[in-house]
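Numbering (the working numbering) for the sequence shown: 2 to 236.
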Amino acid sequence: MLVAAAVCPHPPLLVPQVAGAAAAELDLLRAACAEAVRSLADAGPGVLVVTGGDGSPASFPGDAAGSLRPWGPDVRVGPAGGEPVLPLSLTIGRWLLEHSAGVPEVRFPLRFEAVAADAPAAGCAALGRRLAGSADRVALLVMGDGSARRTEKSPGYVHPDAVPYDDMIAAALASGDSGALLALDPARAAELQVAGRAAFQVLGGAAEGAPPPAAELLRDEAPYGVGYFVARWLW
2 MLVAAAVCPH PPLLVPQVAG AAAAELDLLR AACAEAVRSL ADAGPGVLVV TGGDGSPASF
62 PGDAAGSLRP WGPDVRVGPA GGEPVLPLSL TIGRWLLEHS AGVPEVRFPL RFEAVAADAP
122 AAGCAALGRR LAGSADRVAL LVMGDGSARR TEKSPGYVHP DAVPYDDMIA AALASGDSGA
182 LLALDPARAA ELQVAGRAAF QVLGGAAEGA PPPAAELLRD EAPYGVGYFV ARWLW
């Protein structure tokens with residue numbers, strides 16, 4: 002049963018060593034992510050699952066490691082000496098777990114689930130239901146970005162529908178509306194380069210049929226032309 006969920010973005014620049022001199026620009030975003038992650042630990046989960054998009058689906062054990070070497074400094078997460086296998090979204094998720102105050106002291110099993118970025122909505126929802134049913138108390142850390150087409154300086158250049166689309170996602174996260182997340186159109190999300198669409202729909206499936214959560218949108222911003230959301234849902 003899902004008892005808590007948090008949504009965070011996964012830009013490599015969230016890690017100060019990667020951002021370098023620009024690290025302070027994301028201080029508020031980083032603090033909001035830490036707050037959301039602490040909410041998961043405070044829920045006392047029997048298992049915490051980190052999910053995020055990648056090129057293909059994959060499951061990783063709790064001791065899986067990751068590295069940010071492709072994006073700059075060789076910042077590693079997970080057990081020392083472990084071979085980095087986690088994709089970017091899950092590497093940033095693990096980094097948040099390891100750097101959020103209080104979380105390292107909480108002992109609970111971890112799992113990592115990569116969902117294919119182009120997975121159909123029904124498949125994402127099915128994965129979410131399976132994760133929610135995997136233990137009596139499940140906490141879910143959902144790693145996903147909004148549109149990368151919000152401004153002329155965005156990685157995908159500007160699209161007039163990018164900001165309204167991100168506003169729709171933000172409203173769903175703020176209200177705990179799992180149905181709105183499940184209704185996201187994969188083709189439209191791909192056109193707008195919404196990297197978190199599949200992960201958001203995993204959350205939608207995990208929360209489907211549950212009572213409405215106490216939902217809070219902690220951050221909604223786009224400092225580099227990409228939508229970043231931080232939210233938490235608690236039951």
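No residue lacks a Cβ here, since even glycine has one placed at the ideal position from N, Cα and C.
{"Query": "Expected contact under 8 Å - CB spacing of alanine 232 and alanine 175 to nearest Å", "Result": "7 Å"}
{"Query": "Distance, glycine 82 Cα to aspartate 268 Cα", "Result": "This structure cannot speak to residue 268, because the chain is shown only from 2 to 236."}
{"Query": "Bridge-paired residues (DSSP) for glycine 47", "Result": "Answer is none; glycine 47 lacks a bridge partner."}
{"Query": "Whole alpha helix (DSSP H) elements within the stretch 157 to 205, 4-residue minimum", "Result": "163 to 176, 179 to 183, 187 to 192"}
{"Query": "Burial state of methionine 2 (16 or more Cβ within 10 Å)", "Result": "exposed"}
{"Query": "Classification of glutamate 114 by the beta-carbon crowding that lies within 10 angstroms, buried from 16 upward", "Result": "buried"}
{"Query": "Rounded distance between the beta-carbons of threonine 52 and serine 68, thought under 8 Å", "Result": "About 19 Å; that fails the 8 Å criterion."}
{"Query": "Rounded straight-line distance, which links the Cα of leucine 185 to that of glycine 94", "Result": "23 Å"}
{"Query": "Nearest candidate by alpha-carbon position, reference valine 78, set Leu98, Ser60, Ala59, Ala23", "Result": "Leu98"}
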